[in-house]
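A.B. asks:
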Amino acid sequence: MRLAFGGKLPPRLGVAVSGGGDSVALLCLAREMCATQGSALFAVTVDHGLRAESTDEAQTVATLCEELGVPHEVLRWGMWDGHGNLQNAAREARYELMGDWAARHDIGTVALGHTADDQAETMLMRIARRSGVDGLCGIPARQSRHGIDWVRPLLQAKRANLRTYLTENHISWVDDPSNDDTAFDRIKARRALTELAGLGIDAEAFQAVAENMVRVRKALILQTSLAAHDLCHLGGGGVSMCARKLLALPDEIRRRLLVQAIGWITGNVYPARRDAVLGLMAALERGTGATLDGCQVTVHRGQIWIFREYQAVRHMRCSIVDTWDNRWQFRSAEPVVDKGNLELRALGEEGLGQCGDWRAVGLPRALLLGTPSVWEGDHLVAAPLANPDNKWRAELDGGEEAFFATLLSH
């Protein structure tokens, strides 16, 4: 486990404990390590409120933590609106709740109990979904999210071995009844792996494939970064590139470059779907544009432009001191007296009509429609991207350099 932390534990470590065997084993092993290295350990349980037993299970974890002398807190969700995928919604809520909890307690690293078996199940399901290189890299041993480092120190450990450890130490755990419900794809994958083991397709094999794919991904990321520095130009919050050079790139590098540009513009946590991006690539080969994930992609005079689609931001409004579209902040060279009647919103046709010679900035008209501007009622106060002045500036959160920096951080 120590290797997962680079050989040294952080001074304050969080551990997520559901009550199942994997997370309980993680709790106990982390407690032993923290005791030897002088690190403070904190435990957290998320009660999603989706099963009648969940409250009792959270209390079982609380009791165990009290016996072990580990501070413990239960976080409750139970706010699913019934729309979308329940498991995805629960997972996102879990990370957000635990991220907020860690921040409150000045905890920068939280350990999760994923095992080698989880890795194998995940990869088998991704193969069924026809995943590419990124998907077959499997569950990462470490990742940053919500400002927290999430570490999976048991990713090389077998589920059965962890239960043996608990049994030998007379430590009990909770068995989730959904672990036997074949309505879930993960349970189907778990049972399929039992049959595949006879062919040598087991947790070790999947882990080896994941490690191979991680090496391949690193090479692809480097090549994509080199291509981005050669092709991409940033302006107005959008990305432009030479169509001829882009279409000359290998398909996978081209796909990754488009995904990176779209993700940087939208700020979406998850990348655009592969099939949708392949459709965009086909459109670009025909010399036509498309819309994807709230972005508009156009081809004009040998240049491909990718920028925020106006329809995706037309209803976004916020105070001038807030961040607009999760990426734009406004600065004023002079003190501004805001009586609550100033707001940021997309420029749109109405605003562009008040900008005079907007063509002088050299940005596409469709791009400018989706850029931020300051309004007072129906009066346009400032549109720094379409009609620059010395008073107002619109700045990207992280700056344009963040586009190139994130290429190498994936």
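So the sequence shown is residues 306 to 715, counted in the working numbering. The beta carbon of each residue, even a glycine, is placed where N, CA and C say it ideally should be.
1) How many whole angstroms separate the CB atoms of PHE612 and GLY667, which I take to be in contact at a CB cut-off of 8 Å?
2) Roughly how far, in whole angstroms, is the beta-carbon of ALA421 from the beta-carbon of ALA462, given that I think they are within contact range, below 8 Å?
3) Mapping DSSP to helix, strand and coil, what is ARG622?
4) With DSSP run on the structure shown, which of helix, strand or coil describes PHE708?
5) Tell me whether THR414 is buried or exposed, calling it buried when 16 or more other Cβ atoms sit within 10 Å of its Cβ.
6) Going by the DSSP bridge assignment, what does ALA651 pair with across the sheet?
7) Pairs of beta-carbons, one from the region 593-613 and one from the region 544-558, closer than 8 Å: are there three or more?
8) Taking the C-alpha atoms as reference points, what is the distance between ALA533 and ASP454?
9) Thinking C-beta only, is ALA367 closer than 9 Å to THR350?
10) Could you name each continuous beta strand (DSSP E) segment of 3 residues or more that falls completely within the region 432-475, going from the start of the chain to the end?
11) Answer with buried or exposed for LEU713, where buried requires no fewer than 16 other C-beta atoms within 10 angstroms of its C-beta.
12) Quick one: is PRO682 buried, meaning 16 or more other Cβ sit within 10 Å of its Cβ, or exposed?
13) Assign PHE347 to one of three DSSP states: helix, strand, or coil.
14) State the Cα-Cα distance for the pair GLY703 and GLN634, rounded to the nearest angstrom.
15) Give the straight-line distance between the Cα atoms of LEU402 and TRP663, rounded to the nearest whole angstrom.
16) Got a sec, what are the start and stop residues for the alpha helix (DSSP H) LEU533 sits in?
17) According to the neighbour-count rule (16 or more other Cβ atoms, all chains shown, within 10 Å of its Cβ), is ARG450 buried or exposed?
18) Give me the Cα-Cα distance between LEU467 and ASP327, rounded to the nearest whole angstrom.
19) What first and last residue would you give for the alpha helix (DSSP H) that runs through TRP569?
20) Using DSSP with H/G/I as helix, E/B as strand and the rest coil, what is CYS547?
21) In chain order, what residues of the same chain lie with their CB nearer than 6 Å to the CB of ILE444, ignoring the 5 residues before and after it?
22) Can at least three beta-carbon pairs, one atom from the region 504-523 and one from the region 682-701, be found at a separation below 8 Å?
23) Which residues in the same chain as GLY325 place their Cβ atom closer than 7 Å to its Cβ, once the five residues preceding and following it in sequence are excluded?
24) Determine the direct distance from the alpha carbon of GLU358 to that of ARG650, and round the result to whole angstroms.
25) Given that a residue counts as buried once 16 or more other Cβ atoms are within 10 Å of its Cβ, and exposed if not, what is TYR575?
C.D. replies: In terms of the structure at hand:
1) Against the sequence shown, residue 612 aligns to sequence position 307. Against the sequence shown, residue 667 aligns to sequence position 362. The pair is not a contact, with the Cβ atoms about 13 Å apart (cut-off 8 Å).
2) Against the sequence shown, residue 421 aligns to sequence position 116. Against the sequence shown, residue 462 aligns to sequence position 157. That belief holds up - the Cβ atoms of ALA421 and ALA462 are roughly 6 Å apart, short of 8 Å.
3) Reading the sequence shown from its first residue, position 317 is the one you call residue 622. Looking at ARG622 - three-state DSSP - the assignment turns out to be strand.
4) Looking up residue 708 in the sequence shown gives position 403. Three-state DSSP puts PHE708 in a helix.
5) In the sequence shown, residue 414 corresponds to position 109, counting from 1. Residue burial annotation: THR414 is buried, with at least 16 other C-beta atoms found within 10 angstroms of its C-beta.
6) Along the sequence shown, one-based indexing puts residue 651 at 346. Paired residue(s): PRO677.
7) yes
8) As a first step, residue 533 must be located in the sequence shown, where it is residue number 228. As a first step, residue 454 must be located in the sequence shown, where it is residue number 149. The alpha-carbon atoms of ALA533 and ASP454 are separated by roughly 27 Å.
9) Residue 350 sits at position 45 when you count from the first residue of the sequence shown. Residue 367 sits at position 62 when you count from the first residue of the sequence shown. Yes, Cβ-Cβ distance for THR350 and ALA367 is below 9 Å.
10) 447-450 and 453-456
11) Looking up residue 713 in the sequence shown gives position 408. Exposed, by the Cβ-count rule.
12) Locating residue 682 in the sequence shown gives position 377, counting from the first residue. Inspection of the sequence shows that residue 682 is occupied by Gly rather than by Pro. The residue is exposed, with fewer than 16 neighbouring Cβ atoms inside 10 Å.
13) Your numbering for residue 347 matches position 42 in the sequence shown. Here PHE347 sits in strand by DSSP.
14) Along the sequence shown, one-based indexing puts residue 703 at 398. Along the sequence shown, one-based indexing puts residue 634 at 329. The alpha-carbon atoms of GLY703 and GLN634 are separated by roughly 10 Å.
15) Position 97 of the sequence shown, counting from 1, holds the residue named residue 402. Position 358 of the sequence shown, counting from 1, holds the residue named residue 663. In a straight line, the C-alpha of LEU402 is about 45 Å away from that of TRP663.
16) Residue 533 sits at position 228 when you count from the first residue of the sequence shown. Sequence inspection shows Ala at residue 533; the Leu mentioned does not correspond to that position. Per DSSP, ALA533 belongs to the alpha helix (DSSP H) from 508-536.
17) For the purposes of this step, residue 450 is taken as residue 145 along the sequence shown, with counting starting at 1. Within 10 angstroms of the beta-carbon of ARG450 lie fewer than 16 other beta-carbons, which makes it exposed.
18) Here residue 467 is taken as the residue at index 162 of the sequence shown, counted from 1. Here residue 327 is taken as the residue at index 22 of the sequence shown, counted from 1. Rounded to the nearest angstrom, the two C-alpha atoms are 7 Å apart.
19) If you number the sequence shown from 1, residue 569 lands on position 264. TRP569 -> alpha helix (DSSP H) spans 556-571.
20) For the purposes of this step, residue 547 is taken as residue 242 along the sequence shown, with counting starting at 1. Three-state DSSP puts CYS547 in a strand.
21) Reading the sequence shown from its first residue, position 139 is the one you call residue 444. Here the set comprises HIS419, GLN424 and THR427.
22) no
23) One-based indexing of the sequence shown puts residue 325 at position 20. Once the five neighbours on either side are set aside, the close Cβ partners of GLY325 are TRP478, VAL479 and ASP481.
24) Against the sequence shown, residue 650 aligns to sequence position 345. Against the sequence shown, residue 358 aligns to sequence position 53. Each residue's Cα considered, the two are about 46 Å apart.
25) Position 270 of the sequence shown, counted from the first residue, corresponds to residue 575. By the neighbour-count rule (16 or more Cβ atoms within 10 Å), TYR575 is not buried but exposed.
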